[in-house]
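Colleague:
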Amino acid sequence: MTASPFSDLPGAVSPGSAPEHFGNPVREQVLLERGEAIVHLGDRAVISVSGPERLTWLDSITSQALAALAPGVSTELLVLDPHGHIEHQAAVLDDGETTWLVADAPDAAALEAWLRRMVFRSQVTVSAAAEVAVVGAVAQDGRMPQVLDAHVRAPAGIPLVWIDPWRGVAEGGVQYAAASPHPGSRLAWALALVPADDLAQIAAQLGDGPDGIRPAGLLAAEALRIAAWRPRRSGDVDERTLPHELDWLRSAVHLSKGCYRGQETVAKVHNLGHPPRRMVFLHLDGSGAELPQPGAEVRHDGKSIGRVTSAALHHEQGPIALAVVKRTAPIDQPLTVAGDDGDIAASAEVIVPPEAGAAAAVPRLPRLSSRARS
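The sequence shown: position 217 = 219 (the numbering used here), numbered continuously.
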């Protein structure tokens, strides 16, 4: 694992691929939200897909409609197994010549290997883009912080800046969450693809002056993600996860595109059934100054109803978490979360309602034809 040049900046606490924080992760969240900080996302990796058939090929094997994806348009995809469970996820950006996929680093090698196995005779080349690094920021009026302007890659003339589609419901998608406005609509999270060799130069330009862009750590980025109810492949997904359970039909699944692996399950659960589990947003009691670990049990009346997937300390909301619970888990009832020092009191805010699916007042998919199922 290559050390991040951001780890050499003052105050950096960096046990892994990039700094977790620079001494005050709560303050770093505020700076990120204002567009006054950037974060080296060393926990992400980039895959390039080139060749004249790249978009139609990706369209045929993933959950997203990509065949007509225009250069510079940001979207995301899921790779599902035959039973509709999530195997991989990636942010997607095409520059007219190459499609760039940004995946969580722990999953990137497996995603790359799976894509290579699926090439067959298609005119497609899949490569790990180790020379490309990922920098995150909150875009202001569609622009990344100016410090990145000279470094954003644009190999075909299209700047490689991915704006998270989680801000709204993507074309062909549907939202189960009833919240209005949706927490994700407030944050224009963006990823800039830059040459890895430029990271040291970018880090050297960061500072504490009134007009300077400051560094932020991975913990700050995670807190903003959790507050936006935004799922992530690392942490929020296990071997049984269906996209419906995390409200991921919102941005990563096109419900009326052609056939792909796992589509029949997506259609059946959405049209005829209910996802067996559902994601909730937890407000945690902060009096004990403890955050639950991923996998911590969520309980009601002493009985396990689910598990925490990710947790953070938010600058406005305090201790928060995402959890996946049984569909039948009670609403508006006090909960507890298992902690190292005892139970943590919690209250849940509904993300995916128990009635999501067949009973929801959302567009219905046509039943798959026998030809599409074959």
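Heads up, the beta-carbon is just placed ideally off N, CA and C, and yes, glycines get one too.
Source: prediction; values computed, not measured.
On the CB-based measure, 16 or more other CB atoms within 10 Å of its CB, does V136 come out buried or exposed?
Modeller: Sequence index remark: in the sequence shown, residue 136 carries index 134 (1-based). Result: buried.
Colleague: For I322 versus A314, is the C-beta spacing smaller than 7 Å?
Modeller: Taking the first residue of the sequence shown as position 1, residue 322 is located at position 320. Taking the first residue of the sequence shown as position 1, residue 314 is located at position 312. In this structure, A314 lies closer than 7 Å to I322 by Cβ.
Colleague: Thinking A107 and D45 are a contact (beta carbons under 8 Å), I'd like their distance in whole angstroms, please.
Modeller: Position 105 of the sequence shown holds residue 107. Position 43 of the sequence shown holds residue 45. Right, the Cβ-Cβ distance comes to about 5 Å (below 8 Å), so this counts as a contact.
Colleague: Please list, in chain order, all residues of the same chain as E22 whose beta carbon is under 7 Å from its beta carbon, the five residues on each side excluded.
Modeller: Working through the sequence shown from its first residue, we reach residue 22 at position 20. Excluding positions up to five away in sequence, the list reads V15, S16, G219, L220, L221.
Colleague: Expressed to the nearest angstrom, what Euclidean distance is found between the alpha-carbon atoms of H87 and W250?
Modeller: In the sequence shown, counting from the first residue as 1, residue 87 sits at position 85. In the sequence shown, counting from the first residue as 1, residue 250 sits at position 248. Approximately 12 Å, taken between the alpha carbons.
Colleague: Nearest-angstrom Cα distance between E357 and H276?
Modeller: In the sequence shown, the residue the question calls residue 357 occupies position 355. In the sequence shown, the residue the question calls residue 276 occupies position 274. Looking at the two C-alpha atoms, the distance is approximately 7 Å.
Colleague: State the CB to CB distance for the pair T338 and R301, rounded to an integer number of angstroms; the pair is presumed to be in contact (CB under 8 Å).
Modeller: Residue 338 sits at position 336 when you count from the first residue of the sequence shown. Residue 301 sits at position 299 when you count from the first residue of the sequence shown. Right, their Cβ atoms sit about 5 Å apart.
Colleague: Of the residues M120, D143, R242, which one's Cα is nearest the Cα of W191?
Modeller: As a position in the sequence shown, residue 191 is number 189, starting the count at 1. Residue D143 is the option with its Cα nearest to W191.
Colleague: In this structure, does DSSP put G74 in helix, strand or coil?
Modeller: Here residue 74 refers to the residue found at position 72 when the sequence shown is read from its first residue. Coil.
Colleague: Suppose contacts are defined by Cβ-Cβ distances below 7 Å. Is G37 in contact with V140 by that definition?
Modeller: Here residue 37 is taken as the residue at index 35 of the sequence shown, counted from 1. Here residue 140 is taken as the residue at index 138 of the sequence shown, counted from 1. A contact, by the Cβ cut-off of 7 Å.
Colleague: Can you find the residues in the same chain that come closer than 6 Å, C-beta to C-beta, to E89, ignoring five residues on each side of it along the sequence?
Modeller: Position 87 of the sequence shown, counted from the first residue, corresponds to residue 89. Only V81, D83 meet the Cβ criterion.
Colleague: Let me know the secondary structure DSSP gives Q91 once reduced to three states.
Modeller: Numbered from its first residue, the sequence shown carries residue 91 at position 89. Strand, per DSSP.
Colleague: Run through DSSP, which three-state label would R366 get?
Modeller: Looking up residue 366 in the sequence shown gives position 364. Low confidence applies here, because R366 scores a pLDDT of 49, under 50, leaving its location unreliable and the question unanswered by this model.
Colleague: Which partner residues does V300 have in the DSSP bridge list?
Modeller: To locate residue 300, count along the sequence shown from 1; it is residue 298. Answer is G308, V339, bridged to V300.
Colleague: Quick one: what does DSSP say Q207 is sitting in, helix, strand or coil?
Modeller: Along the sequence shown, read from residue 1 onward, the residue named residue 207 stands at position 205. Reduced to three states, the DSSP call for Q207 is coil.
Colleague: What does the Cβ neighbour count give for A67, buried or exposed, with the cut at 16 atoms within 10 Å?
Modeller: Locating residue 67 in the sequence shown gives position 65, where the first residue counts as 1. Classification of A67: buried, given that the 10 Å Cβ count is 16 or more.
Colleague: Helix, strand or coil for P108 per DSSP?
Modeller: Position 106 of the sequence shown, counted from the start, is the residue given in the question as residue 108. In this structure, P108 counts as helix in the three-state DSSP scheme.
Colleague: Restricting to runs no shorter than 4 residues, where is the alpha helix (DSSP H) found entirely within the region 225–284?
Modeller: Taking only runs of at least 4 residues, the alpha helix (DSSP H) segments lying wholly in the region 225–284 are 235–238, 265–273.
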